[in-house]
Structures are given as structure tokens and as C-alpha cells.
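S.K.: Using UniProt numbering, the letters of the sequence shown correspond one by one to residues 1 to 104.
Beta carbons: idealized from backbone N, C-alpha and C, even for Gly.
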Amino acid sequence: SKKGRIKNISTAISIIRFLVNKNYLCIVSIVAPYKFLRDELKNEFPFLEVYLHTSEIRGREDYFAKDYEIPTDSNTLSIDTGKLTIKESTDEILNVYRKMATLA
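Right, dumping it as C-alpha cells:
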């Protein structure tokens, strides 16, 4: 349910907040379907949003959040997993993290 997804993401944000305040570097993998929750994170922390997507039919589409708000921010790393291998997708993400680390 939407209420359940909001509660789960809000809990994750609280955990991230706690860990960052303890000087931990957090890499978090969550499906955050609502822009307002992603914006909450972006406003508090250095944040890389990675949008993994594909137009490939995989048979699990019924499990997707129908109200997912696709990121439109130009700083979002968008990866089409139907066109890239797992290694290529991972390399894309790690390359951006490496650039972020050198700027920190």
C-alpha cells in the first residue's frame, strides 16, 4: 500500500540520518517511488539517485508500484538494465561514486 511504502522509506531515511550523524558513508538500495521522499534525502545529504529501468517485459510487472514517480532531475543517473549488463550497470554507478568521492 502507499501508506506502507511511505512508512518503510521514512524508516530507511531515519536510519540513514542516524548513520550519517555517526560519520558513516551510506550506500542505500531502496525503491523510493515518491518524489517528496527522495527530495527529503536530497535536501539533507549528498545524494546520488540511480534510476534503474527497462522496457523489457520480465513477468514481474504486477509487483511494481503503479504510482511510481519517475525521476526527472538531470542529476539522476538513469540506467536501462535492458541495454547494459549487470557489470556495465555496476561500473556506471561506481564511476559516478568515484567522481563524487574525489569532489568531497
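(1) Rounded to whole angstroms, what is the Cα-Cα separation between Tyr-68 and Asn-43?
(2) So what does DSSP say about Leu-94, is it helix, strand or coil?
(3) By how many angstroms is the C-alpha of Val-31 removed from the C-alpha of Leu-48?
(4) Are the beta-carbon atoms of Val-50 and Ile-93 separated by less than 8 angstroms?
(5) Output the residue ranges of the beta strand (DSSP E) runs that lie fully inside the UniProt domain "APS kinase" (1-55) and measure 3 residues or longer, sorted by chain position.
(6) Please report the straight-line C-alpha distance between Thr-90 and Asn-8, rounded to a whole angstrom.
(7) Going by beta carbon distance, what residues of the same chain come within less than 8 angstroms of Met-100, once the five residues before and after it are set aside?
(8) Which of the three DSSP states is assigned to Ser-89 in this structure?
(9) What's the C-alpha gap between Phe-36 and Thr-72?
(10) Is the beta carbon of Ile-79 less than 8 angstroms from the beta carbon of Leu-52?
M.R.: Short version:
(1) Translated into positions along the sequence shown, residue 68 becomes position 68. Translated into positions along the sequence shown, residue 43 becomes position 43. If I take the Cα positions, the gap works out to 20 angstroms.
(2) In the sequence shown, counting from the first residue as 1, residue 94 sits at position 94. Correct three-state label for Leu-94: helix.
(3) Stepping through the sequence shown from its first residue, residue 48 is reached at position 48. Stepping through the sequence shown from its first residue, residue 31 is reached at position 31. C-alpha separation (whole angstroms): 14 angstroms.
(4) To locate residue 50, count along the sequence shown from 1; it is residue 50. To locate residue 93, count along the sequence shown from 1; it is residue 93. In this structure, Val-50 sits near Ile-93, with a CB-CB distance shorter than 8 angstroms.
(5) 50-53
(6) Mapped onto the sequence shown, residue 90 falls at position 90. Mapped onto the sequence shown, residue 8 falls at position 8. Answer to the nearest angstrom: the Cα atoms are 25 angstroms apart.
(7) Counted from its first residue, the sequence shown places residue 100 at position 100. Cβ within range, chain order: Pro-46, Leu-48.
(8) Here residue 89 refers to the residue found at position 89 when the sequence shown is read from its first residue. It is helical.
(9) The count along the sequence shown starts at 1 and reaches residue 36 at position 36. The count along the sequence shown starts at 1 and reaches residue 72 at position 72. If I take the Cα positions, the gap works out to 13 angstroms.
(10) As a first step, residue 79 is located in the sequence shown; it is residue number 79 there, counting from the start. As a first step, residue 52 is located in the sequence shown; it is residue number 52 there, counting from the start. Yes. Within cutoff.
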